[in-house]
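Okay, structure first, notes after.
Residue numbers (the working numbering): 74 to 295.
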């Protein structure tokens, strides 16, 4: 099998795989059609749809997401993305709709997330409305929607929801999948409610795991 391609954020160009180009220098992949996905402006050897590309994040680490519970408006219904320290990354080999994908195990993410490129590579399953992602900087990250996919891992195959982000980033194996596969959590771990500011006046909206408790009620038995 072909080897994994490792790219370092801030060091490598994600389009050609070489070192970042000097200002004013053209990337050799510009205008080139990928032989794998047939899109323009990147080489096949760094095409994320191959499932062989790994991106090492900068020192601040990889993104994580949290999803608030139901709120009064769609504007309040968002996912928050924060940072974890580098060195805490663990990738899991899974199959999504029969396509092999290595996903980042992230118990800090309430929902699992894939990029638009991976969504296309698994057959572009039908999408429904999903919440917006909010980066740790406070900037919004658009989502295409949420799909239901067949996930094979740990000798099980389960139909599960997945959020599709327009941003190309590491796919996340979030808490909803962790609970669905009944993976062990650290001893003493508790699910808690937290709050995030709703507006500049400091009002709060409650962030809850109510939906997860309903979907995986057997995991949350007293």
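Glycine included, each C-beta is placed from N, C-alpha and C at the ideal position.
Flag this pair as yes or no: are the beta carbons of residue i and residue j separated by less than 8 Å?
i           : j           : result
residue 257 : residue 186 : no
residue 172 : residue 118 : no
residue 169 : residue 240 : no
residue 224 : residue 217 : no
residue 100 : residue 86  : yes
residue 174 : residue 191 : yes
residue 183 : residue 249 : yes
residue 80  : residue 127 : yes
residue 199 : residue 220 : yes
residue 194 : residue 122 : yes
residue 129 : residue 82  : yes
Take the Cβ of residue i as the centre, count every other Cβ of all protein chains shown within 10 Å, and call the residue buried at 16 or more, exposed below.
i           : result
residue 115 : buried
residue 96  : exposed
residue 179 : buried
residue 252 : buried
residue 236 : buried
residue 247 : buried
residue 238 : buried
residue 88  : buried
residue 197 : exposed
residue 98  : exposed
residue 226 : buried
residue 102 : buried
From which residue to which residue does the alpha helix (DSSP H) around residue i run?
i           : result
residue 171 : Residue 171 -> no alpha helix (DSSP H), and no H or E assigned at all.
In this structure, does DSSP put residue i in helix, strand or coil?
i           : result
residue 123 : helix
residue 20  : In the structure as shown, the chain starts at 74 and stops at 295, and residue 20 therefore has no counterpart that could be examined.
residue 194 : helix
residue 117 : helix
residue 98  : coil
residue 141 : Interpretation of residue 141 is limited by its pLDDT of 40, a score under 50 that renders its predicted location unreliable; the figure taken from the coordinates is listed afterwards. In the structure shown, residue 141 sits in coil (DSSP, three-state: anything other than H, G, I, E or B).
residue 204 : coil
residue 163 : coil
residue 183 : coil
Pull the bridge partners of residue i from the DSSP assignment, please.
i           : result
residue 225 : 168 and 230
residue 80  : 128
residue 111 : Paired residue(s): none; residue 111 is not in a bridge.
residue 178 : 246
residue 216 : 238
Starting from residue i and walking both ways along the beta strand (DSSP E), at which residues does that stretch end?
i           : result
residue 187 : 186-188
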